[in-house]
Amino acid sequence: MAAEESSSLWLEAHDDPLAGLRSFPGCMALADLHGDGDHKLLVGSPLPPGGPRLSVIRGAGVVTTLTLPEAPAGLATFGSSAVAAGSALYVYRNLRPFYRYALPPHPPAPLERELWLQAAQGEMEPRLLKEMLEDLRDKAEVPLTARSLRLLALPPPDLAAFVELHKGRPLHRQAVVTCLGSLPRGGPEGTPHCPVLGTEDGDVLVLDPEAFTPLCQGWVPSPPAFVVPRGPGDGRCRLALACRDGTLYGLHRTRGRGRVLAALGSRPVGLLAQDGGVLAATAEGSLQAFTPQGRRRWSLPLPPVLALAGAELPGRGVGAALVALETRELRLYRDRTLLCTLRTQDVVTGLCFGRYGREDNTLIMTTRGGALSIRILRRRAELGGTHGCSPPPPAPACPSPPHPPLRGPGAAGARGRPSDARAVPAGAGGAAPRGRPGTGQGPRGGGGSRGGGTHHHPDRQRAGAGSPPAAAAPGAAPRGGPPAPNLLLLLRCHPPPRRLQPPCIKVPLLLPGLSYVVGTWLEPGGGPPGRLQVLVLRQGCDSPLLTAQVGLPPAGGLAPA
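1 is the number of the first residue of the sequence shown in the UniProt record's numbering; add one for each residue after it.
Written out as structure tokens, the structure is:
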């Protein structure tokens, strides 16, 4: 299925162009159904040839297929497997029907009830009843019951029989589920999440995962299309809902009515809860990040978006997002950074990422034509953004080891004179001579992605107290490694009164086996001993490849010769 892959990051595990699975991310889930560590794929297909069904896939084949009464609107796993379809939530355990939760009905509109009563008493012909119901739906914009909607879809010869069949039966307007989500309860690991249902009337219900009784209920002005928890998963009922009117709403259990968080600008096609905030994708082509309070952090323009799914990389400490585009591209983003791009032969409409079988970091895709494709992310794949650099995870800060007092020639005579605050050029009067080469390792080129996040202590060189000290750090690329181009050396001094000139040094190229010395001038200032922080970055990359710290003595406090 893949036509072009980004740096061969994905392994082709399985391709089935005749699978017949047409789904979307809300109806796809990975779950350990039997508790044996073997995760299976659950796919809810709204309109397959044989009617709506729930397929359970293991490996490369379908294990079982369950027929659904109506087209699924969402699928979730919270200890059990649940499918929202029509006006009910169907719960399965061990691939068998366990419980059916039906949404409470609503009373019909008074005008609709009066029309059906007149038709049942013979005061109105079925043809006139259909015309009146059409005007009620189109002009008055009154939500009709399922019985009236079925009547409007019938041809004229079948109207009389349909009215005669439902004569004398009570009229109810059944709520219809539009989305299904889950809300963390805030307990020990393994605590089942609470299912959250959104309905066509704008009602939002949070159910108990064991008794399936409503825990809290709210309302939003528009039918919700997606629902995710908002903020930390501490058991509080705080939800974010992306609705059909292109608005992001927030709902809390203490307030029954949802409040507007932000305007998305167009119809939403996906909603994720990531990094304590909310990530939304719209059909017009944008990826937007919001805080739990609704403040927009950033917005990324894209081609038309079809699907959005979360991609948690547990072994890498990375939370990312998968975006399927109309241009037959699948992009992996971390915040606004593009990690990789996967091109496909057909438009991807369904996405799922996680543990499949016994393999982590598995990507499962379904296309508009019904094909099924499975990819596995390589264990040593480097997800380094658009420029190929791999941002390392942050490492704990390592204090600088104690070092003997440093001195420079002429320091004994300069110690009795007041220190000059003016910068002295290199080589002027021997004020900044080169010190002994140290044994500490400096920044290494060519292996930046491996050494990222570690702290090294390069060799220190300083001048006497009568002139600004000069700090120098040797850098070397390992023998046999690739060259390291376009490096940037960023220097920061703590406390701030000490000034550096220049604070940023460009290193065009580091060749393997050669040593380089880069230096900067430090203007001393009063106060306690400070430290010099060195960051090595690759141009175009936000995360440092390597960090180091250098201890600085107090001004005028150099040791005697």
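Ideal Cβ placement from N, Cα and C applies to all residues, glycine included. Being a predicted model, the structure only gives us computed values, none of them experimental.
### Query
According to DSSP, is G26 helix, strand or coil?
Reduced to three states, the DSSP call for G26 is helix.
#### Entry: Closest residue to T254 among L215, Y333, P224 (Cα-Cα distance)
Residue L215 is the option with its Cα nearest to T254.
### Query
To which residues of the same chain is S8 closer than 8 angstroms at the C-beta, ignoring the five residues directly before and after it?
Same-chain partners within the cutoff: R378.
### Query
Quick one, are the C-beta atoms of T367 and D346 less than 8 angstroms apart?
yes
### Message
Please state the DSSP three-state secondary structure of E200.
### Response
Coil.
### Task
Look at the alpha carbon of G79 and the alpha carbon of R113, and state the distance between them as a whole number of angstroms.
42 angstroms
### Query
Out of curiosity, what's the CA-to-CA distance linking A320 and L117?
56 angstroms
### Query
Given a threshold of 16 other Cβ atoms within 10 Å of its Cβ, counted over all protein chains shown, does G464 qualify as buried or as exposed?
The predicted position of G464 is uncertain, since its pLDDT is 36 and thus under 50; a value taken from the coordinates is nonetheless stated next. Under this definition G464 is a buried residue.
#### Entry: Local conformation of R244 per DSSP, three classes
coil
### Query
Straight-line CA distance for I374 to H494?
50 angstroms
### Query
Cβ atoms of C243 and V220: under 8 angstroms apart, would you say?
yes
### Query
By Cβ distance below 8 angstroms, which residues in the same chain neighbour G265 in space, the five residues on each side in sequence not counted?
G246, T282, E284, S286
### Message
Going by C-alpha to C-alpha distance, which of P110, N94, L89 sits closest to A102?
### Response
L89
### Query
Closest by CA to L332, which one among E134, K167, V305?
V305
### Task
Determine, using beta carbons only, whether L251 and A84 come nearer to each other than 8 angstroms.
Contact: no.
### CB contact flag (C352, M28, <8 angstroms)
yes
### Message
Using a 10 Å radius around the Cβ and a threshold of 16 neighbouring Cβ atoms, would you call F98 buried or exposed?
### Response
It counts as exposed.
### Message
Check for me: the beta strand (DSSP E) holding E114 runs from which residue to which?
### Response
Not the beta strand (DSSP E): E114 falls in the alpha helix (DSSP H), residues 110-120.
### Message
Taking the alpha-carbon of A225 as reference, which of P143, E210, L272 has the nearest alpha-carbon?
### Response
L272
### Query
For K130, which three-state DSSP category applies?
helix
### Query
Can you tell me whether DSSP reads D346 as helix, strand or coil?
In the displayed model, D346 falls within coil according to three-state DSSP, outside both helix and strand.
### Query
Under the three-state reduction of DSSP, which class applies to D16: helix, strand or coil?
strand
### Query
Among L154, L325, L546, A211, which residue has its Cα nearest to the Cα of A309?
L325
### Query
Would DSSP call A225 helix, strand or coil?
DSSP, read as helix, strand or coil, puts A225 in strand.
### Task
Could you spell out the range, first to last residue, of the beta strand (DSSP E) harbouring A85?
81-85
### Secondary structure of E123, DSSP reduced to three states
coil
### Query
Taking W521 as the reference, which of P502, P529, Q549 has the closest Cα?
Of the candidates P502, P529, Q549, P502 places its Cα closest to the Cα of W521.
### Query
Taking the C-alpha atoms as reference points, what is the distance between T341 and K40?
Going by the C-alpha atoms only, they are around 26 angstroms apart.
### Query
What is the rounded straight-line gap between the Cα of P12 and the Cα of G370?
What sits at residue 12 in the sequence shown is Glu, not Pro. Across the structure, E12 and G370 are spaced so that their CA atoms are roughly 18 angstroms apart.
### Query
If we ignore side chains and look at the alpha-carbon of each, how far apart do V163 and A120 end up?
7 angstroms
### Message
Is it buried or exposed, L514, if we count other Cβ atoms within 10 angstroms and call 16 or more buried?
### Response
By the neighbour-count rule (16 or more Cβ atoms within 10 Å), L514 is not buried but exposed.
### Query
Nearest-angstrom Cα distance between G122 and D135?
In a straight line, the C-alpha of G122 is about 20 angstroms away from that of D135.
### Query
Exposed or buried, T213, counting other C-beta atoms within 10 Å across all chains shown (16 or more means buried)?
exposed
### P157 - DSSP class collapsed to helix/strand/coil
Note: P157 maps to helix in three-state DSSP.
### Query
Taking the Cβ atom as the reference point for each residue, do R154 and L133 lie within a distance shorter than 8 angstroms?
Residue identity differs from the one stated: residue 154 is Leu in this sequence, not Arg. Not in contact: L154 and L133 (Cβ atoms no closer than 8 angstroms).
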